[in-house]
Amino acid sequence: MKKLKKIQNNLPTRKAVIYARVSSKEQEREGFSIPAQLDLLRQYAQKNNYTVVKEFEDVETAKKAGRTNYKKMIEYFSEHSDTRILLVEKTDRLYRNLKDYVNLENYDLEVHLVKENSIICEDSRSHDKFVHGIKVLMAKNYIDNLSEEVRKGLRQKAREGYVTGKAPYGYTKKNKNDTIIDEYTAPFVRRAFQIYSAGNISLEKTCQKLLDEGFCYKNNQPRIYRSQLEHILKNPFYYGMVCFKDEIYQGVHKPLISKELFDEVQKAFKKDNKPKHLIARDFLFGGVLRCANCGCIVSGEIKKGKYIYYSCTGAKRPCEQKHKYIRESVIERQIVEAIERIKIDEKQKSWIQTVLAESFKDEQKYTKTMLNSLNKQKEILSKRIETIYLDKLDGKITEEFWLQKHEEWSASLSKIQNKILAYEKTKMNYIQSSEEFLKICSEIPELYKFANNEEKQKLINYVLQNFLVEGETLHYEYKLPFNFFALGLNCNKKLPRLDSNQQPTG
Ligand SMILES: [Zn+2]
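Residue numbers (my numbering): 249 to 754.
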């Protein structure tokens, strides 16, 4: 704090925004009022030589929980890039829920928590920032998981084994939910699988052979395209499955071929695809490296049949790095070094557990609030549906009106139930992701060592970002909060505190 003040004295006055909030419960209690908060924050601003350019306040009532002015404040920051200071009384005035953590994090603000005597910003005490960093990371995971859960609920149809779009070639749709084998086109599909499964024939030649044998693909098409055939041969639908995005479910339709034949064909693809067919994402660092000189993608290729080299694609403008090759192993060695630097010890581990427990409490509070509100909505809807049914029985409303309302409300009700399920599931995921986070922190070098390419990519993306290649050197940044691990954590024996500016006492 002292250090910060010194710097500030040499600067012209800086602009600041004030945010105050009271919850419905606090309203009557003294000392929690809006004027009290404003008073405290204005005094603080004056003492620190800040010009208050805008004040936002939210008063919550039992009826209205929304925070309209909070949203306006965020808008203000996005429109005024010269104002980056935010003054609030304490943490929970600002972050009412986990989403707020993530939202505010995008604005690179200097947040002063006046009563807690801490500043969250680029130069702030590493302890505060570290705690904040872990919380932001966990909140992000939580929100990602939550939306994933909601989406999962919506894919239920595919889950139940029904085709969601058009029937694949070789099948036809009898009605919305019934997909049957089309005896006219199915033989083509069966034969294609048989031919290609031998493993000694290319896609191109398979197409030709099918034509030679008198098969035709779709009416009046003179030839079969390689990509069309590939698409068919890679579709698990033919052995009885249904695909939705990246997931596969057991279908309710009759299979055209056996699972064994399908697997044979997939094996044949591996033989057919020579290394030159590798695409960007098949390389360990495919698509993530950029050239430090020109900013273009640095892509991989195979040399002498086995060594992987990367070089600048020079796609935007001529670049001197274009034909300078760097071995994958040289890049990976630097990645491993970066990863080893963030490994934590037992003492740090227990400290992080404390922070995670704290963030878990935030999550529980948030989930509880959301579930309460959803359950209330559910109750209201159920009651409405019941009442309108009685109205129909009593002849107060028409059958048609009842049906319309019943459908509308039932749809809303099932959406709400889906959300309730999602919140309950995400609650469990939250514990899982804290455990995963801790495991990654304490065992990352070992985890990396035994990981396959895909897992390696995941680990790398979890902790590092902004990769630049300059000659043989890889530049990168640690993601929050891993940058603190890299700097070397300094745990005090007495207090679970991580202030690198502070010398351990006793
Ligand atoms: Zn370049």
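For glycine and all other residues, C-beta sits at the position ideal for the given N, C-alpha and C.
Between the CA atoms of residue j and residue i - distance to the nearest angstrom
{"i": "Ser-329", "j": "Phe-510", "result": "57 Å"}
{"i": "Ser-445", "j": "Ile-708", "result": "37 Å"}
{"i": "Phe-517", "j": "Pro-484", "result": "14 Å"}
{"i": "Asn-701", "j": "His-479", "result": "25 Å"}
{"i": "Ile-266", "j": "Pro-693", "result": "44 Å"}
{"i": "Phe-304", "j": "Pro-729", "result": "30 Å"}
{"i": "Ile-505", "j": "Leu-641", "result": "54 Å"}
{"i": "Lys-725", "j": "Asn-731", "result": "According to the sequence displayed, residue 725 carries Glu and not Lys. Between Glu-725 and Asn-731, the C-alpha separation is close to 8 Å."}
{"i": "Met-676", "j": "Leu-394", "result": "11 Å"}
{"i": "Ala-563", "j": "Gln-705", "result": "24 Å"}
{"i": "Asn-541", "j": "Leu-716", "result": "9 Å"}
{"i": "Met-618", "j": "Glu-606", "result": "19 Å"}
{"i": "Tyr-482", "j": "Lys-644", "result": "At residue 482 the sequence reads Lys, which differs from the Tyr that was named. Roughly 58 Å between the two C-alpha positions."}
{"i": "Gln-612", "j": "Asp-392", "result": "16 Å"}
{"i": "Ile-282", "j": "Lys-388", "result": "30 Å"}
{"i": "Ile-443", "j": "Phe-698", "result": "38 Å"}
{"i": "Phe-325", "j": "Ile-472", "result": "57 Å"}
{"i": "Ile-367", "j": "Leu-385", "result": "19 Å"}
{"i": "Tyr-678", "j": "Lys-383", "result": "12 Å"}
{"i": "Lys-756", "j": "Arg-439", "result": "It is not possible to answer for residue 756, since the shown part of the chain is limited to 249 through 754."}
{"i": "Ile-579", "j": "Gly-719", "result": "11 Å"}
{"i": "Ile-633", "j": "Leu-651", "result": "10 Å"}
{"i": "Gly-381", "j": "Gln-569", "result": "36 Å"}
{"i": "Cys-464", "j": "Leu-458", "result": "7 Å"}
{"i": "Lys-572", "j": "His-723", "result": "16 Å"}
{"i": "Ser-598", "j": "Glu-703", "result": "26 Å"}
{"i": "Ser-450", "j": "His-501", "result": "30 Å"}
Test item: CB-CB of residue i and residue j under 8 Å
{"i": "Val-437", "j": "Tyr-497", "result": "no"}
{"i": "Leu-357", "j": "Arg-332", "result": "yes"}
{"i": "Gln-285", "j": "Ala-268", "result": "yes"}
{"i": "Ser-359", "j": "Leu-334", "result": "For the record, residue 359 in the displayed sequence is Val; it is not Ser. Yes, these two residues count as a Cβ contact at 8 Å."}
{"i": "Val-301", "j": "Arg-290", "result": "no"}
{"i": "Leu-622", "j": "Ile-668", "result": "yes"}
{"i": "Lys-616", "j": "Ile-636", "result": "no"}
{"i": "Glu-495", "j": "Lys-673", "result": "no"}
{"i": "Val-270", "j": "Glu-308", "result": "yes"}
{"i": "Ile-429", "j": "Gly-418", "result": "yes"}
{"i": "Ile-550", "j": "Cys-689", "result": "no"}
{"i": "Ile-556", "j": "Gly-543", "result": "no"}
{"i": "Leu-546", "j": "Leu-532", "result": "Per the sequence shown, the amino acid found at residue 546 is Val instead of Leu. Cβ atoms of Val-546 and Leu-532: not closer than 8 Å."}
{"i": "Ala-734", "j": "Ile-592", "result": "no"}
{"i": "Thr-339", "j": "Asn-297", "result": "no"}
Closer than 7 Å: residue i CB and nearest ligand 1 heavy atom
{"i": "Asn-541", "result": "yes"}
{"i": "Phe-535", "result": "First, the residue type needs correcting, since residue 535 is Gly and not Phe in the sequence shown. The answer is no for Gly-535."}
{"i": "Gly-719", "result": "no"}
{"i": "Gly-548", "result": "no"}
{"i": "Gln-755", "result": "The structure shown does not extend to residue 755, since the chain is modelled only from 249 to 754, so the question has no answer here."}
{"i": "Gly-553", "result": "no"}
{"i": "Glu-560", "result": "A small fix is needed here, since residue 560 is Cys in this sequence, not Glu. Yes, the Cβ of Cys-560 comes within 7 Å of a heavy atom of ligand 1."}
{"i": "Cys-544", "result": "yes"}
Backbone secondary structure at residue i - three-state DSSP
{"i": "Cys-689", "result": "helix"}
{"i": "Lys-699", "result": "The sequence shown places Ala at residue 699, rather than the Lys named in the question. Residue state, collapsed to three classes: coil."}
{"i": "Arg-632", "result": "helix"}
{"i": "Lys-421", "result": "strand"}
{"i": "Arg-262", "result": "strand"}
{"i": "Gly-381", "result": "helix"}
{"i": "Thr-316", "result": "helix"}
{"i": "Thr-602", "result": "helix"}
{"i": "Leu-716", "result": "strand"}
{"i": "Ile-322", "result": "helix"}
{"i": "Ala-516", "result": "helix"}
{"i": "Ala-586", "result": "helix"}
{"i": "Ala-268", "result": "strand"}
{"i": "Gln-569", "result": "coil"}
{"i": "Tyr-432", "result": "coil"}
{"i": "Gln-498", "result": "strand"}
{"i": "His-229", "result": "As displayed, the chain neither begins before 249 nor continues past 754, which places residue 229 out of reach and without an answer."}
{"i": "Glu-655", "result": "helix"}
Near ligand 3: residue i beta-carbon under 7 Å from a heavy atom
{"i": "Cys-464", "result": "Questions concerning ligand 3 fall outside what the structure shown contains, since the ligands it does hold are ligand 1."}
Any chain D beta carbon closer than 8 Å to residue i
{"i": "Ala-605", "result": "The displayed structure is made up of one protein chain only, and chain D is not part of it."}
*Sufficient close CB pairs (3 or more, under 8 Å) joining the stretch 680-696 to the stretch 500-514*: Touching, no, given that fewer than three Cβ pairs across the two stretches are closer than 8 Å.
*asked:* For the pair the stretch 700-716 and the stretch 586-593, tell me if three or more CB-CB distances fall below 8 Å.
replied: Result yes; three or more Cβ-Cβ pairs closer than 8 Å.
*Taking contact to mean at least 3 C-beta pairs separated by less than 8 Å, is the stretch 660-679 in contact with the stretch 626-641?*
Yes, they touch.
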